[in-house]
Amino acid sequence: MVLIDAAKGCATQPPNLSEFPADFVVLSFYKLFGYPTGLGALLVRNDAAKLLKKTYFSGGTVAASIADIDFVKRRERVEEFFEDGSASFLSIAAIRHGFKLLKSLTTSAIWMHTTSLSMYVKKKLQALRHGNGAGVCVLYGGENLNLSSHKSGPTVTFNLKRPDGSWFGYLEVEKLASLSGIQLRTGCFCNPGACAKYLDLSHSDLLSNVEAGHVCWDDNDVINGKPTGAVRVSFGYMSTFEEAKKFIDFIVSSFVSPPTKIGNGIAVNGRFAQLSSEELESKESNPGYYLKSVTIYPIKSCAGFSVNRWPLCRTGLLHDREWMIQGLTGELITQKKVPEMSLISTFIDLEEGLLVVESSRCKDKLYIKIKSNSYNPRSDKFDAHDNILENHNEETRINCWFTNAIGRQCKLLQYSSSTSKHCLNRNKSPGLCRVLESNINFANEAQFLLISEESVADLNIRLEAKGKDSNRDLEKLNPHRFRPNLVIAGGEPYAEDKWRTLKIGDGSFTSLGGCNRCQMINISNESGQVKKSNEPLTTLASYRRVKGKILFGTLLRYEHDAKVESWIRVGEAVNPDRE
Numbered sequence: 001m002v003l004i005d006a007a008k009g010c011a012t013q014p015p016n017l018s019e020f021p022a023d024f025v026v027l028s029f030y031k032l033f034g035y036p037t038g039l040g041a042l043l044v045r046n047d048a049a050k051l052l053k054k055t056y057f058s059g060g061t062v063a064a065s066i067a068d069i070d071f072v073k074r075r076e077r078v079e080e081f082f083e084d085g086s087a088s089f090l091s092i093a094a095i096r097h098g099f100k101l102l103k104s105l106t107t108s109a110i111w112m113h114t115t116s117l118s119m120y121v122k123k124k125l126q127a128l129r130h131g132n133g134a135g136v137c138v139l140y141g142g143e144n145l146n147l148s149s150h151k152s153g154p155t156v157t158f159n160l161k162r163p164d165g166s167w168f169g170y171l172e173v174e175k176l177a178s179l180s181g182i183q184l185r186t187g188c189f190c191n192p193g194a195c196a197k198y199l200d201l202s203h204s205d206l207l208s209n210v211e212a213g214h215v216c217w218d219d220n221d222v223i224n225g226k227p228t229g230a231v232r233v234s235f236g237y238m239s240t241f242e243e244a245k246k247f248i249d250f251i252v253s254s255f256v257s258p259p260t261k262i263g264n265g266i267a268v269n270g271r272f273a274q275l276s277s278e279e280l281e282s283k284e285s286n287p288g289y290y291l292k293s294v295t296i297y298p299i300k301s302c303a304g305f306s307v308n309r310w311p312l313c314r315t316g317l318l319h320d321r322e323w324m325i326q327g328l329t330g331e332l333i334t335q336k337k338v339p340e341m342s343l344i345s346t347f348i349d350l351e352e353g354l355l356v357v358e359s360s361r362c363k364d365k366l367y368i369k370i371k372s373n374s375y376n377p378r379s380d381k382f383d384a385h386d387n388i389l390e391n392h393n394e395e396t397r398i399n400c401w402f403t404n405a406i407g408r409q410c411k412l413l414q415y416s417s418s419t420s421k422h423c424l425n426r427n428k429s430p431g432l433c434r435v436l437e438s439n440i441n442f443a444n445e446a447q448f449l450l451i452s453e454e455s456v457a458d459l460n461i462r463l464e465a466k467g468k469d470s471n472r473d474l475e476k477l478n479p480h481r482f483r484p485n486l487v488i489a490g491g492e493p494y495a496e497d498k499w500r501t502l503k504i505g506d507g508s509f510t511s512l513g514g515c516n517r518c519q520m521i522n523i524s525n526e527s528g529q530v531k532k533s534n535e536p537l538t539t540l541a542s543y544r545r546v547k548g549k550i551l552f553g554t555l556l557r558y559e560h561d562a563k564v565e566s567w568i569r570v571g572e573a574v575n576p577d578r579e
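What follows is the structure, encoded as structure tokens:
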């Protein structure tokens, strides 16, 4: 028996069944027209239909059935006993317009158009070289490797390599492409056989990948130095040459490493800017680092407040990210889901023991009494109360306020365990985290995020230049766009990448490496809206990537001394110990 999956082929060059006879052919109208999803067709040879034996039945597929005994008479025609339930008649009515369009364009013209685009992309990809001469792209597929052939169709499947021969993960490619408005398909494309064949994955490789936790749709795109999937770009009748060129330009700007230097001799290696040891030594003989600002974020994803001085405890800044907002089904509500949370302001009055919250959606401010002695900065013991507030009426009042402020039912939770730890891993690559543990509240990764004012200034220079090149007015960024706890001034941009430890006043801190940034930094703190320009993440991705991570800012752990009550103060000197 022969089964042909013609879902993609039908969109550009339908199979000739007189030349290649098949018993069954499946296709998808979505891949033909781009609409509607969930509707396809199964073509069956009449003499093969008798082999189809369904073991279940449902509405519309039986001629008769008796409810209280095991009796059913199925409908006789194959299309009748295979079409369960109500037909998708609205979608079926829509496809005639798609067929009308394809008929006017003709399949031969569509095939020539899409093949030309795919051939253009393949030739460009295969010709790409890094500054050291190493190839950038590995193409997959028998016909794909023959650039003189015109039988390879409208898809291009590939993976990308770094200058040292290691692989870019397909998820990194997909993530950066989405920032540029390019939609790619990644992974194994529901074809494990071809995936294993072309990626040279043995049975033992596949089994060890599963044992390592790899499953479909996860983030494990490279395991033991081998890619677990690939990247695919597809062209259709609506695709244009300009789109194909934009894709190539994206690959060149994001993944090809030229031998160059930028700004003040800062070396670029694999599109990650870092100062060499010699440059750091010469430029930091008298850097004059000092603490510019201290910001506390009591409620995760809500706005913070800045202070001149603040107490430190074993979890970092006292009350920093001690609370979070949870949906009724248990999900954590953050700015990723509700960007307007950045407009909910917070303040803590230490003397009165009050958390004050304010929102433009609520008439009155919310005052929450902080349980006395919930923290003792001089003690190793953490005495926070349970998530369930002692007074039920108080709990109801607080949760109703946040429901109105956010626009969905939710409740406020308070951190209640001193044993919560995040383990951050760091390998030999610059900017990735060491194996260290930190006691943290509801922070994602570490107790502190430190941002350098000079690094932000360098980013703003790049944004300004990018805006001029594209005739766009890109917003100048404030360091607080990145939601730091600590902002420092002085020294050179990105010098903090090399710090191992630092002292701020009398406090000692350990660097846990770079902070991996996401689209949260594209949310404006002033408007609570995501910037359509995808900035600054897109610009950061062009020069601050390490092993698929976009790093900006440094994560810190406070080395808590239970015997000493410590405070951190704006204006204190910052003294780093470099690697």
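Residue numbers (UniProt numbering): 1 to 579.
Idealized CB from N, CA, C, for every residue including glycine.
Inset, instruction - Note down, in chain order, each residue of its chain lying with its Cβ closer than 6 Å to the Cβ of Ser508, except the 5 sequence neighbours on either side. - result: Glu559
Inset, instruction - Taking 9 Å as the cut-off, decide whether the C-beta atoms of Met341 and Ile296 are in contact. - result: no
Inset, instruction - Below 7 Å CB to CB, which residues in the same chain sit around Asp561 once its five sequence neighbours on both sides are set aside? - result: There are no such residues.
Inset, instruction - In the DSSP assignment, find the beta strand (DSSP E) that holds Gln414 and state where it starts and stops. - result: 410 to 414
Inset, instruction - Measure the Cβ-Cβ separation of Ile568 and Pro339 and say whether it is below 9 Å. - result: no
Inset, instruction - Would you check if the distance between the CB atom of Thr114 and the CB atom of Tyr237 is smaller than 9 Å? - result: Taking 9 Å as the cut-off, the beta carbon of Thr114 is found closer than this to the beta carbon of Tyr237.
Inset, instruction - Assign Gly181 to buried or exposed, taking buried as 16 or more other Cβ atoms, counted over all protein chains shown, within 10 Å of its Cβ. - result: exposed
Legend entry - Classification of Thr538 by the beta-carbon crowding that lies within 10 angstroms, buried from 16 upward: It is buried - the Cβ of Thr538 has at least 16 other Cβ atoms within 10 Å.
Inset, instruction - Report all residues from its chain with a CB closer than 6 Å to the CB of Ser306; omit the five preceding and five following residues, and keep chain order. - result: Ser293, Thr295
Inset, instruction - On the DSSP bridge assignment, give the partners of Leu117 in chain order. - result: DSSP, once it has assigned bridges, lists no residue as partnering Leu117.
Inset, instruction - Would you kindly check if the distance between the Cβ of Gly316 and the Cβ of Asn441 is under 9 Å? - result: yes
Inset, instruction - State the DSSP-derived secondary structure class of Gly165, mapped to helix, strand or coil. - result: coil
Inset, instruction - Count the C-beta pairs between the stretch 70 to 81 and the stretch 113 to 133 that are closer than 8 Å, then say yes if the count reaches three, no if not. - result: Output reads no: the stretch 113 to 133 does not touch the stretch 70 to 81.
Legend entry - Range covered by the beta strand (DSSP E) that runs through Ser511: Here the beta strand (DSSP E) through Ser511 covers 507 to 516.
Legend entry - Cβ contact (3+ pairs, closer than 8 Å) linking the stretch 537 to 556 and the stretch 359 to 370: no
Legend entry - First and last residue of the uninterrupted alpha helix (DSSP H) at Glu243: 241 to 255
Inset, instruction - Taking Ser345 as part of the beta strand (DSSP E), name the residues at either end of that continuous run. - result: 345 to 349
Legend entry - Beta-bridge pairing of Phe305 - partner residues as DSSP gives them: Ile296
Legend entry - Outcome for Ser86 when other beta-carbon atoms lying within 10 angstroms are tallied against a minimum of 16: exposed
Inset, instruction - Would you mind sorting Thr12 into buried or exposed? The rule is 16 or more other CB atoms within 10 Å of its CB. - result: Thr12 is classed as buried because its beta carbon has at least 16 other beta carbons within 10 Å across all chains shown.
Legend entry - Range of the contiguous alpha helix (DSSP H) that encloses Gly40: Element bounds for Gly40: not the alpha helix (DSSP H) but the beta strand (DSSP E), 40 to 44.
Legend entry - Helix, strand or coil at Tyr290 [DSSP, three-state]: strand
Inset, instruction - Return yes when the Cβ of Asp221 is within less than 9 Å of the Cβ of Tyr170, no when it is not. - result: yes
Legend entry - CA-to-CA distance, Thr329 to Ala6, given in whole angstroms: 41 Å
Inset, instruction - Using the DSSP secondary-structure output, state which residues sit across from Glu358 in a beta bridge. - result: Partner(s): Ser345.
Legend entry - Boundaries of the beta strand (DSSP E) in which Leu450 is found, first to last residue: Per DSSP, Leu450 belongs to the beta strand (DSSP E) from 448 to 452.
Inset, instruction - Go ahead and label Val357 buried or exposed: buried means 16 or more other beta carbons lie within 10 angstroms of its beta carbon, across all protein chains shown. - result: buried
Inset, instruction - Tell me where the alpha helix (DSSP H) around Ile95 begins and ends. - result: Run containing Ile95: 89 to 105, per the alpha helix (DSSP H) assignment.
Legend entry - Beta-carbon proximity check, Leu184 vs Lys226, cutoff 9 Å: Going by C-beta atoms, Leu184 is not nearer than 9 Å to Lys226.
Legend entry - Residue-chain proximity (Leu328, chain D), Cβ-Cβ < 9 Å: Absent from the structure is chain D; it holds one protein chain and no more.
Legend entry - Neighbourhood of Ile576 by C-beta distance below 6 Å, restricted to the same chain and skipping five residues each side: In the sequence under discussion, the amino acid at residue 576 is Pro, which differs from the Ile named in the question. Answer for Pro576: Trp499, Leu502, listed in chain order.
Legend entry - Sequence-distant residues of its chain with Cβ nearer than 7 Å to Val121 (five each side left out): So the qualifying residues of the chain are Val156, Val233, Ala244, Phe247, Ile248.
Legend entry - Status (buried if at least 16 other CB within 10 Å, exposed otherwise) for Cys190: exposed
Inset, instruction - For Val574, count neighbouring C-beta atoms within 10 Å of its own C-beta (all shown protein chains included) and say buried if the count is 16 or more, exposed if not. - result: By the neighbour-count criterion, in which 16 or more other beta carbons inside 10 Å mark a residue as buried, Val574 falls on the buried side.
Inset, instruction - State the DSSP-derived secondary structure class of Val62, mapped to helix, strand or coil. - result: Strand, per DSSP.
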